Amino acid sequence: MGNSIHEIEADREKGDMLDHNVVAHHNPDEPVINTKHLDEIKDRNYDVGAEFFAEMARRPDAHELMAPWTEEEEKAILRKLDFIVLPLVTISLLLGGVDKVILGTSATFGLRTDLHLVGQQYSWSSSIIFYGAMLTVFPQSWLLQKFPTGKIFAVNVFFFGIMTFATIGCKNAGQLQAVRFILGMFEGMNTSGAGLVIGMWWRKPEQSFRTVLVFNTFSSVVNGLLSYAVQFYTPTKLLSRWQLLYLIVGCISVTFGVLDWIFFPANPTKAWWLTDRQKYIAVARLAGNQTGMVNTHTKMHQVKEALLDIRTWLYFLISITLNIPNGGLGGFYSIVVAGLHFNVKQLTLMNMPTGVIGWVAAMIWVAIAKYTRQPLLCAMGSVLACLVGTIVLKVVPHSNIGGSLAGLYIVYMYWAPYMVFGQLIMYANVGGTTKKVAVFGISYLGYAVGNLVGPQSFRANEDPTYPTAYTVMMVGYCACLGLMTLYGVLCWRDNKKKVVQEQEWRAATEGQEQDVGEEWKDLTDKENPKFRYTY
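Numbering follows the UniProt record's numbering, with no gaps: position 436 of the sequence shown is 436.
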């Protein structure tokens, strides 16, 4: 399909340079701000980056701080970002995943028996976490926009741990479901938070593999390793194996919440481990993203645009279809595999390959997307692979252990289309901080709905074959392919319109002075004439 990742970047490189006093898209030899308009910038509710440039331009050493940077300087900053910010956001999201998936392993350690779970009570315990997340996704997103991002991450990760501790004391289904509902309330920031962080620290060409790393599926690997270690513990009346597992994970989450508070800054302008010169480079190099960095003002016209944008609701619907397997297999994988007659120790080890398979599949499909410059087609190809795996899982009899495991592991590639489309393409195609918050929040609602549908499609009376669950997955994947096709058509159409919009903008502003470039005005993707959609 037409304008894809590399072509869009090439188109921007070909664009005419702005007035010599204004931000350059890609050329560090160009000053980043019109010094004639410093006093007006803060009053216009621009991006934090524009305000930062205005403050720096007032300093007596502004010429040195804002001088053109070298490639070596930029590489040194990138290494710092990858060494500090990337591990912090990655592990924060990883711990949220671990808190969720250990329920499945705990079921094989006797949790269902100890808490007297019957019928669909276990299914509800698995899925209720997403009701909590849906309740807080927009308040959490608003907090991420208004307050330091790192502190919001820290508080949420800390309370992941607190609620994990609380699970140890649960005695029945009601208590377990209440704790997991509250746990979900602290996970409502994951998609919006990570999307804002990735956009404010890395350039678009740098985002793809880092997005896959941040949204990794290693929670099952961590769960498998910890669960296997717990096998060597002899249960007592005071502490069972599943309780010990929750105790360990809770300790890790609380500790890491403290580390987030200390080291995770709000944005590059607030990073205490960057020099002023490095802060300037870290911000200015993001100009080519055309999505800004962050703006702390809530703009209702951007909310309205998000709600009326067809792409927003395609993100929502596609997120539902791609996350039905996530919700179902996350809570039922251990039970499904147990139906293939493996013992408990084998089950804990067999949890590990699923995370590796999901992550490796995502990395491969992202690499193919970058090489072919066709991310949407690659997302659709990965959906087809998952559809094949689901069909195999449904039609192969459980007596065929090898065939059943092969189908199950292919299905675990579901993370690849979610990464290529649900995160990589979506994050690149939304501009304006308030619109990002709204769109990412609505997309997360789709993620939550998919995760709610998934566990409920695994009917207790169909154990261990679960035909209804596999049928629901297949229908979801088929619908997803149709929705992705519609998305591609819309992006192709709107990029054609963008060419005309940019020509009209250039004609209207020719010879006029601007205070900052369009990329620092907190414009939405529809408002910014230089924006092009990735597909």
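Virtual Cβ for every residue (Gly too), placed ideally from N, Cα, C.
Just so we're clear, the structure is a prediction, and the values are computed from it rather than from any experiment.
Local conformation of residue i per DSSP, three classes
| i | result |
| --- | --- |
| residue 569 | Here the chain comprises residues numbered 1 to 535, so residue 569 is not present and cannot be evaluated. |
| histidine 116 | coil |
| glutamine 290 | coil |
| tyrosine 535 | coil |
| isoleucine 391 | helix |
| methionine 200 | helix |
| methionine 419 | helix |
| tyrosine 444 | helix |
| tryptophan 520 | helix |
| glutamine 243 | helix |
| proline 87 | helix |
| glycine 110 | coil |
| asparagine 295 | coil |
| leucine 95 | helix |
| proline 60 | coil |
| histidine 25 | Only weak support is given to the placement of histidine 25: the predicted model assigns it a pLDDT of 36, under 50, and the question is left unresolved by the model. |
| lysine 530 | coil |
| alanine 362 | helix |
| proline 205 | helix |
| phenylalanine 332 | Here phenylalanine 332 scores only 48 on pLDDT, less than 50, and its place in the model should not be relied on; the value that follows carries that caveat. DSSP places phenylalanine 332 in helix when its eight states are reduced to three. |
| lysine 237 | coil |
| valine 430 | coil |
| methionine 380 | helix |
| asparagine 216 | coil |
| threonine 211 | helix |
| glycine 188 | coil |
| threonine 321 | helix |
| serine 399 | coil |
| phenylalanine 147 | coil |
| tyrosine 46 | coil |
| threonine 70 | coil |
| proline 265 | coil |
| aspartate 525 | coil |
Limits of the alpha helix (DSSP H) - the one that residue i falls within
| i | result |
| --- | --- |
| phenylalanine 458 | Counting along the chain, phenylalanine 458 falls outside any alpha helix (DSSP H), and DSSP gives it neither H nor E. |
| serine 126 | 121 to 127 |
| cysteine 170 | Here cysteine 170 belongs to no alpha helix (DSSP H), and DSSP marks it neither H nor E. |
| alanine 271 | Counting along the chain, alanine 271 falls outside any alpha helix (DSSP H), and DSSP gives it neither H nor E. |
| methionine 474 | 467 to 509 |
| glutamate 305 | 300 to 308 |
| tyrosine 414 | No alpha helix (DSSP H) holds tyrosine 414; DSSP gives it neither H nor E. |
| asparagine 223 | 219 to 230 |
Sub-7 Å separation of residue i and residue j beta-carbons
| i | j | result |
| --- | --- | --- |
| asparagine 295 | lysine 204 | no |
| leucine 111 | tryptophan 242 | yes |
| valine 197 | valine 89 | yes |
| arginine 532 | lysine 496 | no |
| methionine 419 | alanine 385 | no |
| residue 594 | threonine 269 | The question about residue 594 has no answer, for the chain in this structure spans 1 to 535. |
| valine 221 | glycine 188 | no |
| glycine 422 | serine 319 | yes |
| valine 411 | glycine 389 | yes |
| asparagine 190 | leucine 93 | yes |
| threonine 433 | aspartate 522 | yes |
| lysine 394 | tyrosine 470 | yes |
| serine 106 | serine 141 | no |
| valine 157 | aspartate 260 | yes |
| methionine 380 | leucine 481 | yes |
| methionine 66 | tyrosine 280 | yes |
| serine 253 | leucine 115 | no |
| leucine 424 | serine 208 | yes |
| phenylalanine 181 | phenylalanine 160 | no |
| lysine 435 | alanine 306 | yes |
| valine 472 | serine 457 | yes |
| phenylalanine 264 | phenylalanine 153 | yes |
| glycine 358 | threonine 217 | yes |
| isoleucine 102 | valine 249 | yes |
| isoleucine 168 | phenylalanine 316 | no |
Any non-hydrogen atom of the ligand GDP closer than 6 Å to residue i Cβ
| i | result |
| --- | --- |
| aspartate 276 | With respect to the ligand GDP, the structure shown offers nothing to examine, as it has no ligands at all. |
Inter-stretch contact (C-beta, 8 Å, three-pair minimum) for the segment 163 to 182 and the segment 210 to 229: The segment 163 to 182, when compared against the segment 210 to 229, does not touch it at the 8 Å Cβ threshold.
Segment contact, 8 Å Cβ cut-off, at least three pairs: the segment 471 to 491 with the segment 315 to 327: The segment 471 to 491, when compared against the segment 315 to 327, does touch it at the 8 Å Cβ threshold.
The segment 176 to 195 in contact with the segment 109 to 129 per 3-pair CB rule at 8 Å: With the rule of 3 Cβ pairs closer than 8 Å, the segment 176 to 195 counts as touching the segment 109 to 129.
Cβ contact (3+ pairs, closer than 8 Å) linking the segment 160 to 169 and the segment 401 to 411: Flag = no, the segment 160 to 169 and the segment 401 to 411 do not touch.
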